[in-house]
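Read the structure below first, then the notes.
As structure tokens, then:
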């Protein structure tokens, strides 16, 4: 199992006052803030106040590291308060006093809002890099780096006193660290600043400019802000990376009305027509996509043509028919209706500009019914985001239920345990209960596997509360076995599922859509809508 370079910061009073670029609260403390603290600590430890020499090679090695995984305690923004502190007006007061005036520095106060992030005082922040990914030179710089880290006295404001340490820890010890994980994300996240090659030199230039800001004759040169750093998106383990999406209405050929389709029997066909439209050579060329890229991105073929099928490891489009969620009856109860819209998204990252070009070129594209060879609808981009019929597919919520059943990503009964439940096996009540428990355990494991395969974190997959059955949780749905599925999925069981997203503490959390899991997720099977 791999080891990790771990830098641990323990705050002495459970509060952090640091702010991000625009004054908003920063949590967790950014990798750049940690790096700046290490640089300052190194200057103090080796008494190199005007320029670092002893620790410079180690610090330049450190700035090459990729952004770390961060494990931090859960924090909240505290109740704010305001202080009135002296302004930089001592020259005005001195001039007044020299003339016999009675001016006072107390007359020059500026307000300062204080609103720290607070967390349990025993909590620590850990910054983690796998040793297998470290650049060469770690053994050479290890001693200096660890000494510099141990010399850190504060991170953030001067009142944010800390004790810091650095160590090499095994992976199993990382799994036992308390707190929530924050991982770099290319798709979305909270933006945190991080060092990069050149950050040390920029800090040195800035420090030199600070020391020389007052020139002979009293002229003043402003100190330029730090500019040589990167900005990295971070996501909690308990929150998914958001997906780009676009909604299209299925309109009649003259554009005058919606075309409606049965979600039970026609959803699979609609997804197939969308995939066919997006895979046409002229369409791909217009979007600047090669035929080989189209096979992977649109059709989901990771292999070259003529070889055995391989799953796509990179970005892949999902074509998801959206049954309307309609208010019916006296109480306007939400009911699943016909498919009148489709949602297109991409999983696995990729270039956002490619998705944008694809979406733009799908506007006014015809969907062709292969059995008839005739167009049956045209796509019209829905402007302004989700509406009342679709917003439950996208808005963040805690409790979700499947609108189309989840196709399990594997056999739920590989050992044929259900055969033992048939008449003639004469099982006792306890034996039947044990068999049912094993079957439920297998289904639960497959559902959690489906959540992971859909791109959700291990934390979300592990702590989600799951319930499943053959009948739907939504009014308007029907038995899971009635829904059409592709030939490659017919051997796997289909189930309706209700899930409640929770964190490691069992606290319900909101997660945004679209949520689509299971083996049919790229064609709209396993689609969820928020129950509340």
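Residue numbers (the working numbering): 382 to 913. Beta carbons are placed, not taken as given, at the ideal position from N, Cα and C, and that holds for glycine. Owing to the predicted nature of the structure, the values given are computational and were not obtained by experimental measurement.
- The segment 619–678 contains, as complete alpha helix (DSSP H) runs of 4+ residues, the segments 648–659, 662–667 and 672–678 (chain order).
- For the segment 697–749, the continuous beta strand (DSSP E) assignments of 3+ residues that do not extend past its boundaries occur at 697–709 and 714–728, in sequence order.
- The three-state reading of DSSP puts residue 565 in strand, counting E and B together.
- Residue ranges of uninterrupted alpha helix (DSSP H) with 4 or more members, entirely inside the segment 541–622 and ordered along the chain, are 552–556 and 580–592.
- Distances from the alpha-carbon of residue 385 to those of 548, 799, 703 and 653 put 548 closest.
- Straight through space, the alpha carbons of residue 532 and residue 665 are spaced by roughly 57 Å.
- With at least 16 other beta carbons inside 10 angstroms of its own, residue 854 counts as buried.
- A residue is called buried when at least 16 other Cβ atoms come within 10 angstroms of its Cβ; residue 648 meets this threshold and is buried.
- Listed in chain order, the non-local C-beta contacts of residue 680 below 8 Å within the same chain comprise 656 and 660, local neighbours out to five positions each way being set aside.
- Rounded to whole angstroms, residue 662 and residue 861 show a C-alpha spacing of 36 Å.
- Residue 785 sits in coil when the DSSP states are folded into three classes, being neither helix nor strand.
- Between the alpha carbons of residue 612 and residue 565 lies a distance of about 10 Å.
- Residue burial annotation: residue 767 is buried, with at least 16 other C-beta atoms found within 10 angstroms of its C-beta.
- For residue 625 against residue 771, the beta-carbon gap comes to about 16 Å, at or over 8 Å, which does not count as contact.
- In the structure shown, residue 528 adopts helical secondary structure according to DSSP, grouped into three states.
- Between the segment 877–887 and the segment 753–762 there are fewer than three inter-stretch CB-CB distances shorter than 8 Å, so the stretches are not counted as touching.
- Taking C-alpha positions only, residue 387 is separated from residue 578 by approximately 20 Å.
- Spatial neighbours of residue 856 in its own chain (CB-CB distance under 8 Å, excluding positions within 5 residues in sequence) are listed in chain order as 714, 715, 716 and 717.
- Residue 435 sits in coil when the DSSP states are folded into three classes, being neither helix nor strand.
- Closest in C-alpha terms to residue 447, from the list 732, 391, 511 and 394, comes 511.
- Counting only residues of its own chain and dropping the five nearest sequence neighbours on each side, residue 745 has a CB closer than 8 Å to the CB of 759, 760 and 761.
- In the three-state reduction of the DSSP assignment, residue 484 falls in the coil class, being assigned neither a helical nor a strand state.
- The secondary-structure analysis by DSSP pairs residue 511 across a beta bridge with 385.
- Between residue 812 and residue 786, the alpha-carbon positions lie close to 30 Å from each other.
- Annotation note: the segment 774–856 contains the following uninterrupted beta strand (DSSP E) runs of length 3 or greater, listed N- to C-terminal: 780–783 and 846–850.
- Beta-bridge partners of residue 494 (DSSP): 463.
- Straight through space, the alpha carbons of residue 437 and residue 835 are spaced by roughly 44 Å.
- One thing to note: residue 719 has its Cβ no nearer than 8 Å to the Cβ of residue 652.
- According to the DSSP assignment, residue 762 belongs to the beta strand (DSSP E) that extends over 755–762.
- With a beta-carbon spacing of about 7 Å, residue 621 and residue 841 fall inside the 8 Å limit used to define contacts.
- Counting C-beta pairs closer than 8 Å gives fewer than three between the segment 699–709 and the segment 599–608, which falls short of the contact rule.
- In the three-state scheme derived from DSSP, where H, G and I count as helix and E and B as strand, residue 863 is classed as helix.
- Straight-line spacing of the CA atoms in residue 395 and residue 858 works out to 50 Å.
- Taking 8 Å as the upper bound for CB-CB distance, residue 781 and residue 910 are in contact here, some 7 Å apart.
- In the three-state scheme derived from DSSP, where H, G and I count as helix and E and B as strand, residue 456 is classed as coil.
- Contact between residue 563 and residue 646 is absent: CB atoms are separated by about 44 Å, not below the 8 Å threshold.
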